[in-house]
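Protein sequences, first through last, are from chains D and Z.
Heads up: the first sequence is residues -2 to 799, going by our numbering.
Heads up: the second sequence is residues 367 to 1027, going by our numbering.
Backbone N, C-alpha and C define an ideal beta-carbon position, used for all residues, glycine too.
Remember, it's a predicted structure, so these values are computed and weren't measured experimentally.
Worksheet for the structure shown next.
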Amino acid sequence: MSRILTPARIGFLALIQLYAEGAVPNDAIVPVINFVTSHVFDCDLTTPATTSTYPATATTSTPPAAGTWAKAESAISVILSLREFERVLGPFAAADRLPGRRLWDRFLEKLWAIDTLHALQEFFDRLPSYLAKTREELRRHRAEHGDAPPRYPHPGIQLSRASPFGGFLRNANLEFLRLRFDTAADLWKAFVKYRQPTADYWRRRNPHYGRLSFDSVLVAAEPQWGGDNTDALAVLAYGHMLYDTDYDDASPVSTHDIEALLEFQVEKLHRFGNRVPSELGEQFNALLKQSHAIPSLFHYVSFSDTWRAGDYFTTFDNLHRYFDYTMQYQNKPFHQYALMNMAIVQSDFGCHREAIAMMLATVSTAREARDTTCLNFALNWLFHFGRAHPKLVRELERSSGLSSEKEILAFLRAKARETGMWVLWSSALLGEARLGLSSGESISAALENMVRSSQIIVERNMKPMMGTQLSVATTLWDRLGLAYMSTLACEVFLRCHAKNSIFDDELKATGHLAGLLAAQGKYEQAFATLEQIDKNSLRLAKASECWHLFRGIVKLRRDLHHNNLDAADHLLSQLLQAEPDTLEPEGVFLIDSMHIEALMRRGDFDAAFAKIDRLLAELREDDGDIALRVRLLIHKAHLFDCVGRPEKGFTLSVRAASLAWRARLLPQLWHAIGALANILNALAEFAAAAQLLVAVLPRCLESDDVFVAATLYSLLADAWTGQAGEVDAKTQKQKRTECMTKAHEALDSALAYFATVEDVEKQCEMLAKQATLMRAMGDHVRSEEYAAKYLALKKESMARNE
Amino acid sequence: MGLSAKDSVHLKEALQIAVVKCSERCLYQSAKWAAELLDALPEQPDEKLGASTGPGNYVHPAFYPNPDPEEAALEARELNRYLLAKSFFDCKEFDRCAAVFLPESLLAGLLSAKASDITSPRGKGKAISTSASDQQSLPEISQKSLFLALYAKIISGEKRKDEDSEMIMGPHDLGTVTNKQLLVVSRFLDRWFAERKTDDGEQPTSYGFLEYLYGMVLVKEKNDSVALDYLMQSVHLFPWNWGCWLEITNLISRIEQLNKIAPHMPQNIMSFIFHANTAVNLYQQGQDLAASLSDLLDIFPTSSFLLTCKALLNYHSKDLLTAEQDFSNLLALHPHRLDSLDHYSNILYVLNLRPKLAFLAHLCSSIDKFRPESCVVVGNYYSLLSLHEKAVQYFRRALTLDRTCLSAWTLMGHEYVELKNTHAAIESYRRAVDVNRRDYRAWYGLGQTYEVLEMHAYALWYYKKAAGLRPWDGKMWQAVGSCLQKMGRDRDGIKALKRALLADSYYESTASSFGSGGPIDRTAQMDPEVLLQIANMYDRLDEEDEAKAYMELCVAQEDGGAAGADTAGLGDSVAIHHDSPGGPASDGEGGEKEGGHEGTGVTVATSKARMWLAKFAMRAEDYATANRLATELCQDGVEVEEAKALIREARAMMENLDGLG
């Protein structure tokens, strides 16, 4: 296998010659040059306009990921056959001579003119004649011939020696010169095989080309040797490829190509966290099988691939294989990176203890080797890991004396700035922001950190970091109850930055968006959003698990609202088994809270209470996210309400409200206020409740959490109704009616909102309340109407749940 | 020369026996050669009947037990050990193979005993009688096993020698590494033969193989005459061992020697083949040789070996196109055979058939890229492309694979000359000559290199060697002549150059009489360069008439046909001087042949000759001729200025004369 030269490259050289000879017509120049450069120099001149296909039109034919692999696909197809050349050159007419001749014909003529191994040699020997003369040559020329302009053997363009084409020509010439004879012969054989598919076409055009015309020596000697002997010699020299087209022995691929493809794959794997599409992978493996030397990078690719496929044992096997072949990389010990990869894989497969041990070993090895890059990365990872698995790290902290999170972050930040590791710096800042948010500290401090990180990202053009940045932003907006801002951040990310960031971020953003839509009751839209994810990327085991969880959560939410408890139980039994680190803590909490809700709907209050208590204890122990604690407190208060002892939840509600207020967790605050109002209602403090609710409701509507809004409305209705009950029916009839009307309006709104989220039980409850209210107001007809609606709804839901 | 059916059956049987016997002794190459020859014998129609008569109880003579009862008994007794040793040999565990029959202690004892023997030179008989008690007697084993063991010893020594050798042409590669096992084997065989002789004064029966082995050892020890004796004994005892014949071929360095030993050879077909092969290797040519080769080819029509010989014969008689066709046919008949394709590549190189040479190189490297022949072919191809470094690389590879690869050494020398590395070139040539003293190209190359270094006296010696090896090659004599000329020995130079002219015409005649029918356009006329050289030397010797004659002859070469008469006249003057038995080389024939050919056209040499003639005519006051010649020069566009000056002068003189007249 040659290092650079392949039959495809011979094709490109021939094409450049055609170009230099002026055979390429004007309209074809740009496509031809672009074709050559994109394959030879790996730079596409006509970069497609930066229009992301996401998600403006759901019917777009190419999902974004298809674009990322298209380059590799076309590279492989060029390596394997001439068809790509035909596709590019076929449409154009040749610039000279006979009419009706296409550029493709000229190109084939060039290729078929190479009819012996010696002709190939001459082909390469002739390459320098396409180059412009050097100054030295010109000087010599002047010395010999006077001022006559130097004559070139070819009319047309003279390629400058320093131009990309000139460099390519010179390089090819040199490479061929350096080939050993048998490699050159192999190249020739591969070239014959590569060209052979065009033989039929070429023979139609040139009838004198016979069976053996790929080698003129054979043609010339056939009369003397006789057919059988010639065939025998041809088979001897060219192997079986002549008669058996499927027979793969010669590999047309060069080390250079393989390495380029591998690097491309690794880059994609790293940048997008994708897997190689299976078709492409198969083609690539077929190429590799033919090549003699397998670069060790290939093991890395297969390691990444199996890792993403979730094949634990093979992953470790491949990882060890890769690092066994790559103990030394650029003359530096590489051991720490092996350990680091191992740790990451371990943690990814859920072996957290092993992962920590491994990462600590990485840290010490990196210290020994004075590899700051590795060390910083490892520390950063440890920090994030500690955030996700506080229990495991706590033991460690005690033993290793690592200081508190904040200090670690500050250290990382300082280090990153010192060493110019921008990614680390930015992620440390974002980490600090997130930490601040979760412990309920100043919003402005968090914002400051975000802005600083954003500045670094923009300054250093670190597109891949955009995912993290925007995910922190969405969290912030969510906490501030600005749902539309949060949606906006998600959309911005998906439209503009998704193609530059890893797939994980894209999936998370999509999931978040789906969650927001589900909260608004737009279940179908949420599903549609999730469906838009690239199918190939879902071949990642982790990603597909995560994607299924998102779908499950949306579905569960709907099932709960539909009161379809059997289906919900079924889903829950699956969701609860999900690995805790597949999702962010928020997602996990979501599942838990829905579990609690399901339990409560089933009436299993003991279990619900136990679960809430357990979760609360855990959170307190882990010093977890304050938002989650608030939500748990609210849940607990709600539980008391459900068992008919709302007053017991008073302290809980107040605590929740004050916590949420302090941490500016606005959606939780509104929810807590709702709980408080409920208690007030229960204590018959209707006016106070109504006052609270009226103040809170408009803000709550902003947060797009429709269910909470509906609940608040129903509470408001209760409060109004209570107030109506308080006034004397006789004396203040008008006021009573007023209250009753307000209650009716509130009930209407609540009903409408509950209808949006399709919550059957609450809808029924509202309808029942409406009916009662109407009866109390003396409007029996409408009361009957509501009652009829109630029954219809019940029936419908029964039918649906069947 | 057809064979009768009976002869054919006998021949076939003999060859079959030869293959079996050689294989039994692990003489692979000889076995291969015999088997190839056997395969080349055409099928006899009635033969199959004979074989099918009794498939059950028919035993081929090749598998008969040894006719000598004593040997047969020995062989039967040690069959197990023999089989063991043979398997070891086949697995290339040579030392182990030898140790099966000849334990190391025995051989060591042999060495030390012999050493003490040498210190006390008291007569052979005494030494043996006394040593019979204290030194172990030779083991009682069959000759077959003994041969196998000793042969394994030698092969193991060769292998070690190759391993010990330094990189080709490296600083420590002095060619002094020797086969350390030769000594012990030679002692052993010496004693073995001596003991057998002392038994009853007469040589008891033996099968020729041990003689062959001893001959081989002696050759390696450079004891040529004794070696030849043993080898001759061997071929008398068992003529079907081709390896033995080859050893004899290598020992013969001159045709006279061949003719001398020819009567002592056994008279059979092998001897015939040997004679033809040796003659070809000695660059002989002529009808007799061609006839004997075609006789052999009648018997073995598809024998690759004989076809190669025929092609080489054509090559050596400079009939390159026919040789090329022969090789091409050979390639088609035996596509997997790499042997002697290096010669084919030389022919393609000389004919400048680049695509074909590229194809051949491709073919060879597809078959086996680690054969010396393949490497030489590839090297030749690169040399043709003027990629001399790469060519050297491939020749070196060939030599690493086989240090005795003669053509690689020579060709590498050529490449070093191209690379202007004269020291390396000389060393390469020297190695080639050391491998085979009959390689005229290496001698010639040495001469050329020294000539480049302007050491003419030195170069002359090598040129003479080359000319001695190929007395009928004009190029050699021309080189000798030029060398002599540069040394100022004009008389001798003229002699040598005339001989070169003669040699060319001799080739002319032999090539055409060989009846190959191929178009011959080489050496058709005398080389104007040579003629000019001769003329110049005569000029320096102040023999103007001779010089003028040769100058005119030189000019006449421009248009061969018109000068026919002239040439015939001057041909005599060549004939006068030729001082060797010209034999079939008749000048008249050469002259006629020339007449039939196109001339060379204007060359530098002829123009110079014409200029000289014009000036000569001026001196001789033959202004008309001078004017004509100078005008011709002007027409040819060579040295126009000088020619015009001559014309002016001549015209002026003519006018003067006219005026005077």
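- For R599(D), the enclosing alpha helix (DSSP H) has its first and last residue at P582 to R599.
- The Cβ atoms of G163(D) and L128(D) sit closer than 8 Å to each other.
- Counting other Cβ atoms within 10 Å of its Cβ, V360(D) reaches 16 or more and is therefore classed as buried.
- In this structure, V489(D) keeps its C-beta atom at 8 Å or more from the C-beta atom of M459(D).
- By the Cβ test, the region 79 to 89 of chain D is in contact with the region 18 to 37 of chain D, since at least three Cβ pairs between them sit closer than 8 Å.
- Contact between C392(Z) and A400(Z) does not hold, since their C-beta atoms are separated by about 14 Å, which reaches or exceeds 8 Å.
- Q466(D) is the residue among A5(D), G775(D), Q466(D) and E456(D) whose C-alpha sits nearest the C-alpha of A443(D).
- The shortest CA-to-CA distance from G834(Z) to any of A808(Z), E820(Z) and A757(Z) is the one to A808(Z).
- In chain order, T991 and A992 place their CB closer than 6 Å to the CB of A983(Z), counting only its own chain and leaving out the 5 sequence neighbours on each side.
- The alpha helix (DSSP H) runs of length 4 or more contained entirely in the region 481 to 562 of chain D are, from start to end of the chain, 500 to 516, 520 to 528 and 538 to 558.
- Those residues of the region 671 to 690 of chain Z placed with their C-beta closer than 8 Å to a C-beta in chain D do not exist.
- Rounded to the nearest angstrom, the Cβ distance from A428(Z) to Q382(Z) is 5 Å, consistent with a contact under 8 Å.
- Within the same chain, and ignoring the five residues on either side of T312(D) in sequence, the residues whose Cβ sits closer than 7 Å to its Cβ are F300, T303, W304 and V342.
- The Cβ atoms of C741(Z) and A764(Z) lie closer than 8 Å to each other.
- The beta carbon of L108(D) sits no closer than 8 Å to any beta carbon of chain Z.
- Counting every other CB atom within 10 Å of its CB across the protein chains shown gives M821(Z) a total below 16, marking it as exposed.
- Residues L426, E429 and A430 of the same chain have their beta carbon placed closer than 6 Å to that of N446(D), with the five preceding and five following residues left out of the count.
- Against chain D, a Cβ distance below 7 Å from V744(Z) picks out F178.
- Bridge pairing for L128(D): L156(D) [DSSP].
- The beta-carbon of F638(Z) is placed no less than 8 Å from the nearest beta-carbon of chain D.
- Residues of the region 712 to 727 of chain Z with a Cβ closer than 8 Å to any Cβ of chain D, in chain order: R720, P721, K722, L723, A724, F725 and A727.
- Using a 10 angstroms sphere on the CB of M337(D), the tally of other CB atoms reaches 16 or more, which defines it as buried.
- Contact of D254(D) with chain Z is not assigned, every C-beta pair being separated by 8 Å or more.
- Interface criterion not met: the Cβ of W422(D) is under 8 Å from no Cβ in chain Z.
- Relative to E390(Z), the option among K378(Z), N432(Z) and L403(Z) whose CA is nearest is N432(Z).
- Note on F736(Z): under 16 other CB atoms within 10 angstroms of its CB, so exposed under the neighbour-count rule.
- Separation of the CB atoms of L679(Z) and V716(Z) is rounded to 16 Å, and the pair is thereby denied contact status at 8 Å.
- Closest option to L662(D), judged by alpha-carbon separation, among S436(D), L294(D) and K265(D): S436(D).
- Distance from the CA of G671(D) to the CA of A749(D), rounded to the nearest whole angstrom, comes to 18 Å.
- Taking all protein chains shown into account, D475(D) has 16 or more neighbouring C-beta atoms within 10 Å of its C-beta and is therefore buried.
- Two segments are said to touch when three or more pairs of C-beta atoms, one from each, lie closer than 8 Å; by this definition the region 699 to 719 of chain D touches the region 750 to 763 of chain D.
- Within the region 751 to 780 of chain Z, those residues whose Cβ lies closer than 9 Å to any Cβ of chain D are, in chain order, L751, L753, K756, Q759 and Y760.
- R192(D) carries a helical assignment under DSSP once its states are collapsed to helix, strand and coil.
- Flagged as an interface residue toward chain D: L729(Z), by a C-beta distance shorter than 8 Å.
- With a beta-carbon spacing of about 6 Å, L477(Z) and V550(Z) fall inside the 8 Å limit used to define contacts.
- Between K588(Z) and L548(Z), the beta carbon gap of about 11 Å keeps them out of contact (Cβ cut-off 8 Å).
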